[in-house]
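For reference, the structure discussed in these notes is given below.
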Amino acid sequence: MPRIFFDNASTTPLDPAVAEAVTMAMQELYGNPSSIHAEGRKARNAVEQARKTVAQLLGASIGEIFFTSGGTESSNMVIKNAVRDLGVKRIISSRIEHHCVLHSVEALEKHTNVQVEWVQLDSQGRVNLEHLEALLQGSTAITLVSLMHANNEIGNLLDLHVVGTLCRQYDAYFHSDTVQTIGYYLIDLSTLPIDFITGSAHKFFGPKGTGFVFIRNEAMLRPFIDGGGQERNMRGGTENTPGIIGLAKALELAYEHMVQRRTHIEQLRQLLLTRIQDAFPMAVLYGSPEYGHYKILNVGFPPSPKTDMLLLNLDIAGISVSGGSACTSGADAGSHVIDAIGGLPGWKAVRFSFSHFNTAEEVETAVQALKTCLPSDLLASRWV
Ligand code: PLP
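Going by the working numbering, the sequence shown opens with residue 14, and the numbers climb by one from there.
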């Protein structure tokens, strides 16, 4: 029985065309990009071509894109080095950030004299913009705002333009974890008032362990990883040439097919939502239905012994979904995001996340499996 992968927010399968580009790079671009001989120059040219591709697609200049090992490293670099290099004394963030942001901010709060403020969220997890403005107004300390573009668990989208404009108005630096939206939404850094964004190839059908950080020229940082002079002295360590080539190829494909992929995924998400609402009227939707990432659908089911076993039983039925972010779902430790937006105690959050490789038949199969895996009384009337 073929498996059904509805966990594309945790990672995505490698696109066959990307696999081809990565394999070619592994075999043919083995030179060290820092070497001056022919093999080195060939690898260097390919890395710089990849940088140009990423920069052009995002509306950045090539000097503002640095390749890293992924989203976690990129956000650590921005947040920690903004404190070290830009004199940031205060960070405003939210309780539903990915752990790479949340734990970086908490570490700074614990080990330095940086002051941390948490912006208020509503019950759907949307940032309270009035509270954000009040926080920005409330201090003249040099401030970094770090708020994610799309939440990886409930999908909520932030209006980067609105938040960036507020940050500019109050002279705050603005970082957004754009890991879930790069390759899914158009981001034009030439017009967006933002200083830092971060990306990760494995979220858009590229290889794992490779990503990038955009650092605006006016907010340039110093290296996070010291070493050789790689990445124009910004990140020590021999470049991951195959990973970088794969990232650029995957991003190119994501842009080329963005509209078709989106249309297809939106239809699948809507189909699953309708089927779940019909079959399980008591189910709740986590996140904001109007302002959600089209690839993510997070649904809560009421407590019962069968609900507790839901993820496991779906897995046995051949369907991969997640209960939280990938790091926590392994231990099924619940979700800091659902907790932060006041999720119902004991209810089970199930995140379905789609890709263009999924089909409507897979959605129908998943709904049948849900009907088998959940107690029959949950199929009855609306929960009160
Ligand atoms: N930020 C968000 C929103 C994510 O979903 C993830 C991946 O789970 C990350 C950051 C971490 O990215 P990476 O796996 O490349 O370190």
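Every residue, glycine too, gets a C-beta built ideally from N, C-alpha and C.
With a cut-off of 7 Å, the C-beta of M161 is classified as near the ligand PLP, since at least one heavy atom of the ligand falls inside that distance. Taking 8 Å as the cut-off, the Cβ atoms of T223 and A185 do not count as close.
A heavy atom of the ligand PLP is found nearer than 7 Å to the CB of N165. I105 and G138 have their C-alpha atoms some 16 Å from each other. Your pair N94 and C113 does not check out as a contact, with CB atoms roughly 14 Å apart and the cut at 8 Å. Between the stretch 366 to 374 and the stretch 307 to 323, the count of C-beta pairs closer than 8 Å reaches three or more; the two stretches touch.
Beyond the five residues adjoining it in sequence on each side, G177 comes within less than 7 Å, by CB distance, of F187, L205, P206, I207 in the same chain, given in chain order. Rounded to whole angstroms, the separation of the alpha carbons of D135 and A73 is 33 Å. By alpha-carbon distance to G100, the top candidate from A330, G359, D28, M233 is M233. Only buried fits G336, as 16 or more other CB atoms lie within 10 angstroms of its CB. Sixteen is the threshold: when 16 or more other Cβ atoms of the shown chains lie within 10 Å of the Cβ of E265, as they do, the residue is buried. Here Y307 carries a coil assignment [DSSP, helix/strand/coil]. In this structure E130 is not in contact with V350, their Cβ atoms being roughly 19 Å apart against a cut-off of 8 Å. Counting C-beta pairs closer than 8 Å gives fewer than three between the stretch 115 to 124 and the stretch 141 to 153, which falls short of the contact rule. For V192, the shortest C-beta to heavy atom distance toward the ligand PLP is below 7 Å.
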